[in-house]
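In the order they appear, the protein sequences are chains U and R.
Per my numbering, the first sequence starts with residue 1, numbered consecutively.
Per my numbering, the second sequence starts with residue 180, numbered consecutively.
Number of protein chains: 2
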Amino acid sequence: MPPARLSRETLLPLLAAHVMEHGLADASLRPLAKAAGTSDRMLIYHFGNKDAVVEALLDYLGGMFAAALDTAFPQERAASRRACAETVYDITARPEFAPFFRVWWDIVAGCADSNEAYLAAAGGMMDLLLDWVVAHLPEDDPDPTAGARVVMTAIEGAQMLRAVGRGDIGQAGLAALEG
Amino acid sequence: MPPARLSRETLLPLLAAHVMEHGLADASLRPLAKAAGTSDRMLIYHFGNKDAVVEALLDYLGGMFAAALDTAFPQERAASRRACAETVYDITARPEFAPFFRVWWDIVAGCADSNEAYLAAAGGMMDLLLDWVVAHLPEDDPDPTAGARVVMTAIEGAQMLRAVGRGDIGQAGLAALEG
DNA sequence: ACCCACTTGTAGCGAGTGCTACATGTCGCT
DNA sequence: AGCGACATGTAGCACTCGCTACAAGTGGGT
Numbered sequence: 001m002p003p004a005r006l007s008r009e010t011l012l013p014l015l016a017a018h019v020m021e022h023g024l025a026d027a028s029l030r031p032l033a034k035a036a037g038t039s040d041r042m043l044i045y046h047f048g049n050k051d052a053v054v055e056a057l058l059d060y061l062g063g064m065f066a067a068a069l070d071t072a073f074p075q076e077r078a079a080s081r082r083a084c085a086e087t088v089y090d091i092t093a094r095p096e097f098a099p100f101f102r103v104w105w106d107i108v109a110g111c112a113d114s115n116e117a118y119l120a121a122a123g124g125m126m127d128l129l130l131d132w133v134v135a136h137l138p139e140d141d142p143d144p145t146a147g148a149r150v151v152m153t154a155i156e157g158a159q160m161l162r163a164v165g166r167g168d169i170g171q172a173g174l175a176a177l178e179g
Numbered sequence: 180m181p182p183a184r185l186s187r188e189t190l191l192p193l194l195a196a197h198v199m200e201h202g203l204a205d206a207s208l209r210p211l212a213k214a215a216g217t218s219d220r221m222l223i224y225h226f227g228n229k230d231a232v233v234e235a236l237l238d239y240l241g242g243m244f245a246a247a248l249d250t251a252f253p254q255e256r257a258a259s260r261r262a263c264a265e266t267v268y269d270i271t272a273r274p275e276f277a278p279f280f281r282v283w284w285d286i287v288a289g290c291a292d293s294n295e296a297y298l299a300a301a302g303g304m305m306d307l308l309l310d311w312v313v314a315h316l317p318e319d320d321p322d323p324t325a326g327a328r329v330v331m332t333a334i335e336g337a338q339m340l341r342a343v344g345r346g347d348i349g350q351a352g353l354a355a356l357e358g
């Protein structure tokens with residue numbers, strides 16, 4: 001087949017794959033382009049500038065996260081708040097999630113600089129996960145909205161502690177969830 | 180007074196101040212040196228290479244964190260686990276802590292690349308905070324060791340959610356802590 | 001067949017990166 | 001006074017960065 005015309009749509013999956021492997025923070029145009037089989041010249045041409053590349057990438061990664069929620073996570077409800085939190089924690093502890101977390105923490109670091117694109121991407125992912133948790137709490141949960149916030153807070157804390165090598169603290173925190 | 184001889188010790192406070200203001204992730208030798216009133220040449224001379232500069236900086240920042248725990252945080256015990264968590268959360272929400280969090284999330288992102296120096300620094304800070312929490316739980320807490328882990332997990336989750344603009348979720352998570 | 005807009009390649013710019021070679025300065029010691 | 005170790009300044013290297021100027025190719029519409 002003839003080499004398909006380049007476009008944001010054909011480029012983004014390849015760019016995202018490179019970012020998942022090497023991180024978002026120090027991704028630069030030339031390696032990014034090489035991963036997509038093009039030149040930095042064309043990335044600028046199709047996106048305008050590097051910021052736009054990153055912005056499109058953040059959006060695309062948000063889509064990947066949504067897809068991961070649909071496929072990698074169980075569809076049935078959890079038996080308890082604690083079970084729900086531990087399910088998310090255990091699934092995201094699997095090695096195939098490591099690349100995702102590398103870019104996730106880059107995104108959080110970007111948020112700390114008040115970068116709008118990063119804040120939008122990160123906030124969106126958290127809202128997505130919050131909705132998933134609400135929908136997967138036990139049916140008899142007395143207050144799913146509040147419960148999901150409790151579960152989310154514990155999950156995210158545990159994931160951060162895991163990232164810095166203190167997973168034991170976070171796991172103890174999850175285990176103490178009532179319900 | 181004559182300009183004191185340069186050394187790691189005289190340099191580090193100035194370097195740390197620059198890092199607190201501009202972040203650790205994209206700190207480079209020349210701006211760093213300028214902030215300390217020297218040249219990149221001298222940073223390499225006194226530290227060996229850039230990695231050693233960063234390593235020393237991480238260590239120094241750990242010391243700053245320990246000092247902050249002693250001065251900015253109350254000395255008396257909290258009335259409950261929840262109060263303990265909310266105290267930490269509220270204090271670290273103050274604007275003067277924003278620079279610290281910018282570098283904190285850079286450190287966490289560095290941990291996600293399995294960087295030993297970052298892992299040591301971040302883990303050390305978490306251990307420090309964990310000890311502080313243990314010591315500031317109510318005296319009648321049934322299990323301070325376990326309680327501190329619960330509190331820590333919630334605090335860190337809430338701080339991360341705050342960083343990405345979802346502080347409401349984290350605060351709801353903290354408010355639900357029993358005790 | 002011709003034109004013209006869209007797409008791509010080549011080459012390069014100016015700035016910044018970590019780091020080094022080399023010369024010079026400064027200070028204590030004998 | 002003079003030596004030698006440590007400290008510092010100047011200049012530069014080879015490289016990467018985001019981005020651009022310019023030219024060439026491609027393909028559809030008339």
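Backbone N, C-alpha and C fix where the C-beta goes; we use that ideal spot for every residue, glycine too.
Trp311/R is outside the set of residues whose beta carbon lies under 7 Å from a beta carbon in chain U. In the DSSP annotation of this structure, the continuous segment of the alpha helix (DSSP H) that includes Glu55/U starts and ends at Lys50 to Ala72.
7 Å or more divides the Cβ of Thr324/R from the Cβ of Gly173/U.
In the structure shown, the three-state DSSP call for Arg341/R is helix. For Asp106/U, the uninterrupted alpha helix (DSSP H) run begins and ends at Ala98 to Cys111, by DSSP. A contact between stretches requires three or more CB pairs, one per stretch, nearer than 8 Å, and the region 114–129 of chain U fails this requirement with the region 182–195 of chain R.
Neighbours of Ile169/U in chain R, taken as residues at a C-beta separation under 8 Å, are given in chain order as Met305, Leu309, Arg328, Met331 and Thr332.
For Ala16/U, no CB of chain R lies under 7 Å from its own CB, so it is not counted at the interface with that chain.
Counting of Cβ neighbours within 10 angstroms places Ala72/U among the exposed residues, the total staying below 16. By the criterion of a C-beta distance shorter than 6 Å, Cys111/U is surrounded in its chain by Tyr118, Leu119 and Ala122, once the five residues flanking it on both sides are discounted. Interface flag for Asp320/R against chain U is unset, since no Cβ pair is found closer than 7 Å. Under the Cβ criterion of 7 Å, Arg345/R is counted among the residues facing chain U. At a cut-off of 7 Å between C-beta atoms, Phe100/U does not count as an interface residue with respect to chain R.
Classified as exposed, Glu275/R has fewer than 16 neighbouring CB atoms from the shown chains inside 10 Å of its CB. In the three-state reduction of the DSSP assignment, Gln254/R falls in the coil class, being assigned neither a helical nor a strand state. Relative to Phe244/R, the option among Val282/R, Glu255/R and Phe226/R whose CA is nearest is Val282/R. Taking 7 Å as the CB threshold, Leu340/R lines the interface with chain U. Residue burial annotation: Gly336/R is buried, with at least 16 other C-beta atoms found within 10 angstroms of its C-beta. The Cβ atoms of Val287/R and Met126/U do not sit closer than 7 Å to each other. Distance from the CA atom of Leu14/U to the CA atom of Ala33/U, rounded to whole angstroms, is 9 Å. When C-alpha distances from Ala68/U are compared across Ile155/U, Leu129/U and Pro138/U, the shortest belongs to Leu129/U.
For Leu203/R, no CB of chain U lies under 7 Å from its own CB, so it is not counted at the interface with that chain. The Cβ of Gly173/U sits closer than 7 Å to at least one Cβ of chain R. Across the region 61–86 of chain U, no CB contact with chain R closer than 7 Å is found for any residue.
Nearest neighbour of Pro278/R by Cα position, chosen from Tyr239/R, Glu200/R, Arg256/R and Glu265/R, turns out to be Glu200/R. Judged by beta-carbon spacing, Asp285/R lies beyond the 7 Å limit of Gly346/R, meaning their Cβ atoms are not closer than that value. The residues Ala300, Gly303 and Met304, in chain order, have a CB closer than 7 Å to that of Gly241/R in the same chain once the five nearest residues on each side in sequence are set aside. Take Val267/R, set aside five residues on each side of it, and the residues of its chain with a beta-carbon closer than 6 Å to its own are Ile334, in chain order. Val19/U is outside the set of residues whose beta carbon lies under 7 Å from a beta carbon in chain R.
Proximity of Gly302/R to chain U, defined by a Cβ-Cβ separation below 7 Å, is satisfied.
Burial check for Glu178/U: the Cβ neighbour count within 10 Å stays below 16, so the residue is exposed.
Straight through space, the alpha carbons of Val233/R and His197/R are spaced by roughly 12 Å.
Counting the other Cβ atoms within 10 Å of the Cβ of Gln75/U gives fewer than 16, which makes it exposed. Considering only Val150/U, Cys84/U, His136/U and Tyr60/U, the residue with the shortest C-alpha distance to Gln350/R is Val150/U. For Leu222/R, not one C-beta of chain U is nearer than 7 Å to its own C-beta.
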